[in-house]
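Asker: Here it is: the structure, laid out below.
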Amino acid sequence: FFFEYDMLTEDHSKTTRMDSVATDDVNLKVKLWVKQVEAQCKPDMTHWCTGSQEEFNTLCTQLVDSGTFIRLNQQLRPNSFLCRTDPRELEGDLATTVICSKNKLDRNQTYGWAEPEATKRDLAALLK
């Protein structure tokens, strides 16, 4: 499910491939955005979701094996899992979560507000 991509030529003739499944139908802007984010964040791997049953099964098994998911009784709740957020993580997230919008009034009272372009600059600096 994980892929390495070929750099696009100027005429965009090369396609991103994922385990022999072409993703030609993925919008070119999305492909370029993903490459930009990969270059900034340097992830160990990138996963393009296919939505297949096999993919669902694989990802759920990985999440169960890692302890993130708890498989529920398959007789009563087929294909169902429990996933909880660590309360310590949530407290920190709420304290640092901001809504980025041009208009400060777009946010609700729970979160802070930040100007989008300034936030983009701040995040880009953190990823260097």
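The numbers in this note's numbering rise by one with no breaks, and the one at position 2 of the sequence shown is 182.
The beta-carbon is built from N, C-alpha and C at its ideal position, and this holds for glycine as well.
Residue 181 to residue 240, Cα distance in whole Å?
Answerer: Its pLDDT being 27, under 50, residue 181 is placed unreliably by the model, and the measurement read from it follows with that caveat. Each residue's alpha carbon lies about 14 Å from the other.
Asker: Which stretch, first to last residue, makes up the beta strand (DSSP E) that contains residue 293?
Answerer: Looking at the DSSP string, the run of the beta strand (DSSP E) that includes residue 293 is 292 to 294.
Asker: According to DSSP, is residue 202 part of a helix, a strand, or is it coil?
Answerer: Residue placement at residue 202 is poorly supported in this model, since its pLDDT is 49, which falls under 50; the coordinates still yield a value, given next. DSSP places residue 202 in strand when its eight states are reduced to three.
Asker: Say the cut is 7 Å; is the CB of residue 258 nearer than that to a heavy atom of the ligand NAD?
Answerer: By its list of ligands, the structure shown contains no ligand whatsoever, and the ligand NAD lies outside what it can speak to.
Asker: Helix, strand or coil, according to DSSP, for residue 236 in the structure here?
Answerer: If DSSP states are grouped into helix, strand and coil, residue 236 belongs with the helices.
Asker: Is the Cβ-Cβ distance between residue 251 and residue 236 less than 8 Å?
Answerer: No, these two residues do not count as a Cβ contact at 8 Å.
Asker: Considering only the alpha carbon of each residue, which of 228, 220, 222 lies closest to residue 211?
Answerer: Nearest option by C-alpha distance: 228.
Asker: May I have a chain-ordered list of the beta strand (DSSP E) segments no shorter than 3 residues that lie completely inside the region 244 to 286?
Answerer: Runs found: 278 to 280.
Asker: Kindly list the residues whose CB is nearer than 6 Å to the CB of residue 294, restricted to its own chain and excluding five residues on each side of it in sequence; keep chain order.
Answerer: For residue 294, where only same-chain residues beyond five positions count, the Cβ hits under 6 Å are 278, 280.
Asker: Kindly give me the distance between the Cβ atoms of residue 226 and residue 218, rounded to whole angstroms, as I take these residues to be in contact under 8 Å.
Answerer: With 8 Å as the limit, residue 226 and residue 218 qualify as a contact, their Cβ atoms being about 6 Å apart.
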